[in-house]
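These notes are about the structure you will find just below.
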Amino acid sequence: MIKPIIEFCISNLASGAQKALEQLERDPDLDVIEYGCLGYCGKCASTLYALVNGEVVTGETPEALVENIYQFLEENPMF
């Protein structure tokens with residue numbers, strides 16, 4: 632089974648997304664990856680975000696980001 636890929640920018644983790652990453656890492660059905668930079672600097676400076684299967688998902692808080700990621704995965708199944 633191919634798992635959804637959740638990618639985080641290390642700068643965004645420092646801005647508050649770390650709690651979201653830690654929560655998502657506990658889900659064995661997700662592949663969670665950290666990168667030095669994902670190239671979304673404007674988005675990174677203004678909100679918490681992650682790339683979910685290559686698509687930007689945002690949230691105002693770590694909890695909202697996690698909720699939005701799961702919502703995105705539900706609305707956009709891989710298969």
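Using the working numbering, you'd call the opening residue of the sequence shown number 632 and step up by one each time.
Note that beta-carbon positions come from the ideal geometry of N, C-alpha and C, so glycine has one too.
The structure presented is a predicted model; accordingly, all values stated were derived computationally and were not measured.
In terms of residues, what are the limits of the beta strand (DSSP E) holding residue i?
i	result
E665	D662 to Y666
Which residue wins for smallest C-alpha separation from residue i, given the options the options?
i	options	result
A695	Y671, C672, A676 and Q649	Q649
G685	S642, L704 and S677	L704
V663	Y671, G647, A651 and A645	A651
M632	E638, P659, F639 and I641	P659
E656	T678, G647, P708 and I637	I637
S642	E665, N707, V697 and T692	E665
F639	T692, G673, A676 and Y680	Y680
What three-state label does DSSP hand residue i in the structure shown?
i	result
I633	coil
Chain D beta carbons: is any one of them nearer than 8 Å to that of residue i?
i	result
R657	Considering every chain present, this structure includes no chain D. It has just one protein chain.
Within the same chain, show all residues whose beta-carbon is closer than 7 Å to that of residue i, passing over the 5 residues directly before and after it, in chain order.
i	result
V683	P635, I637, I700, F703 and L704
L661	K634, P635, I637 and L655
Review point. Which runs of the alpha helix (DSSP H) fall wholly inside the segment 643-710 and span at least 4 residues, in chain order?
Key: 649-656, 672-677 and 693-706
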